[in-house]
Structures are given as C-alpha cells and as structure tokens.
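Asks: My numbering numbers the first residue of the sequence shown as 1 and each following residue consecutively.
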Amino acid sequence: MYVTIARVLNLDALKMYQTPSIIVPILSLIFGVISVSAENSLVYYKCSQLYFTPMTLYESNVNSLFTSLVDSASVCNFNTLRISPSDSSQSNDLYGLFQCRGDLNLSNCRGCVANSLSQLRTTCPVSTSGTLQSEGCFVKYGNTSSLGVEDKMEVFKRCGPSVGYNSDGMATIDKALTYLTTDNQQYFRAGGYGGVNGVAQCTQDITLEACEDCLLEARALLRSECETSIWSDMYLGSCYIRYGNQDNITSDYNDNDDDDRDHKRKRKPKLRQVRRLAITIGSSVVGVVSSVGIVAAGIIIYKKSKEAVSRQNVNLD
C-alpha cells in the first residue's frame, strides 16, 4: 500500500513538534485508504526463487518489458509481449502479460498495470519471473512462455464467514455461480442471482472453451473449500471467480399482506438500510476522530515530557 502523508498532514508542523517516529505509521494506518484506489489493492503476488544479476541485459529487458506493458495498457485491456534481443541468447528472452478487469476503462487499466508492475518490481526486485494480482488487474512476466496454456492450479483463495447450512442460501449461491460459469462464452462476466452478485474472468490467452473449463474447476474448488461462506474468492492460474452475498430485502415481506400494509412494510427495509449506513458512517467517523485524538494526545504528552526534562536540566545547571 502506498500512502502519501503530505496530502493529509502538514509536515512542517510535525517537524516543529519533533514528532516521534511511531506517529507516522499510526497516521499512515488512519489515512492510508485516502490515497489508495480500490483497483490497486493487492490480492496476491508470487516471486520466482531464481534470480538475475543486477545491471545486466536481463534487467534491461525487464525494464523494457514493463514499460511496453504499461504503454500497451493505454490502448487495450489485455496483451502479451515478448522481448527477444537478436544479439543475445534465449536465456535473456522475456515474456509478459497483463489483463485488466473487464469493467475498467483504459485510463484506470493503465494506472492499475503501472501500479502493479511497480509493486512487482519492489516485491520481486531480482526474480527472473513474477506474478501479481490486484483488485483491478493481473500482471506477470518470466523467461519461459506459458501463453495459451490453461493453468487450473489453485493460486489463492479467500473464504468469508460461514452462514451455516442454509439450504435456500446455498441454492441461491449455486445459481449465481452457474450464471457466472456455465455457457459463458465470455472472458469476463459480472452479475448474479437472488441477491448474490459475483464476477468471473479468464486470461484471454486461452480459448473460450478452456476458459469455461477453468471457471468450472474454480467453482468446484470454491464450493468445496468455502462451502458455507457468505462470500468467497478463488484464483487459479488462468481464471478467477468471486461472489458476495447481499441482503435480499424482499424476503422480509409476507406475500399475503394487503396493499396498504405492503406499502408501509416496503418502506421499512429502506429505513433500516439508511440507519445501517448512518451507523456505519458514524462508527467510522468516531473511530477516525478517536484515533486522531490519541495521536494528538501522544504529541502533547511527548512535548510536555520533553519540556519537563529540559527544565530538570536547567535546574541541574
């Protein structure tokens, strides 16, 4: 996560108070979300355990590949590239791929790819290959080509809290996953069923048939390993599928209510949602204000203690 403290704090004021170094990480935790967009949030990364020597042709090729991937993301949301210098051995060849989430515009796609490659450069600084998945895009590079080869290996998963064995809820999730995975004929699909929304996507270097096969495998793993979760994410090498359970407010009503009662009761879920939103926002504001208060108190205590020490030194003199 990249945080720009200067956007929310007066750095000169911090210097004036000679703020202890522990204050900056605390403030980073409080305000970090302000400067990090959702699509840049890290999901997972993998680094090769094989390394290249810095300041060599291989590193130069990595830099060239990363630049070309970012430039390519300005005009499309998926591409594969190869860097193969004519005057060097195949050991210096590099392959790269990027893909943005299907609903991102090109501007956000480019920004996501640039951010992901920057993170990859930091987390895998001298690895011969690496992969990074963020919320908005997927990037990878390496010196061996696996382009066009379906990869159904499980890479990463997240299972939400369990809702227990609720047959109706489980059936709704299954129908939502069926919509996302069966007869898709698309590399990206978003939608759902009965209040359960999800998204599914494959890398576009594989065929649509391989894409459906990969998604069906991801679905099977997801339902096996996160069986009763209210939300889940499953990432395989060539695809991923995610779903989240949302409240279906129509279940609060009795179909036999008369029109007047039905009208009044339909207003209640909206009011409950407003109250829930207000409570959430209020809690967040209180939490931030409390955190800022703690930081401010820490600054004051630190300053007072330093003044007390200074007075003691003067008295000793």
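Each residue gets a CB set at the ideal place from its N, CA and C atoms; glycine is no exception.
As the structure is a computational prediction, the values presented were derived from the model and not from experiment.
Cutting at 7 Å between CB atoms, please list the residues of its own chain near residue 179, excluding the five before and the five after it.
Replies: Cβ neighbours of residue 179 beyond the five flanking positions: 191, 192, 193.
Asks: On the CB-based measure, 16 or more other CB atoms within 10 Å of its CB, does residue 187 come out buried or exposed?
Replies: With 16 or more other Cβ atoms within 10 Å, it is buried.
Asks: Expressed to the nearest angstrom, what Euclidean distance is found between the alpha-carbon atoms of residue 146 and residue 97?
Replies: Whole-angstrom Cα-Cα distance: 10 Å.
Asks: Have a look at residue 80 and residue 165 and give me their C-alpha separation to the nearest angstrom.
Replies: Their Cα atoms are separated by approximately 43 Å.
Asks: Between which two residues does the beta strand (DSSP E) containing residue 158 stretch?
Replies: That run of the beta strand (DSSP E) goes 154-159.
Asks: Should residue 144 and residue 50 be called a contact, given that it needs their Cβ atoms to be closer than 7 Å?
Replies: Contact: no.
Asks: Between the beta-carbon of residue 138 and the beta-carbon of residue 235, is there less than 7 Å?
Replies: Not in contact: residue 138 and residue 235 (Cβ atoms no closer than 7 Å).
Asks: Taking the beta strand (DSSP E) that residue 82 belongs to, which residues open and close that run?
Replies: That run of the beta strand (DSSP E) goes 78-83.
Asks: What does the alpha-carbon distance come out to for the pair residue 103 and residue 42?
Replies: Rounded to whole angstroms, residue 103 to residue 42 spans 18 Å at the Cα level.
Asks: So is residue 263 buried or exposed if we call it buried at 16+ other beta carbons inside 10 Å?
Replies: Here residue 263 scores only 35 on pLDDT, less than 50, and its place in the model is too uncertain to base an answer on.
Asks: What did DSSP end up calling residue 202 once you bin it into helix, strand or coil?
Replies: Strand.
Asks: Answer with buried or exposed for residue 181, where buried requires no fewer than 16 other C-beta atoms within 10 angstroms of its C-beta.
Replies: Answer is buried; the Cβ neighbour count reaches 16.
Asks: Residue range of the beta strand (DSSP E) that residue 131 falls in?
Replies: First-last of the beta strand (DSSP E) with residue 131: 130-134.
Asks: Could you pull out every residue in the same chain whose Cβ sits closer than 6 Å to the Cβ of residue 131, ignoring the five residues on either side in sequence?
Replies: The answer, listed in chain order, is 46, 140.
Asks: Can you give the Cα-Cα distance for residue 38 and residue 63, rounded to whole angstroms?
Replies: The alpha-carbon atoms of residue 38 and residue 63 are separated by roughly 26 Å.
Asks: Quick one: residues in its chain with C-beta nearer than 8 Å to the C-beta of residue 106, no 5 flanking neighbours on either side, listed in chain order?
Replies: Same-chain partners within the cutoff: 73, 74, 75, 76, 77.
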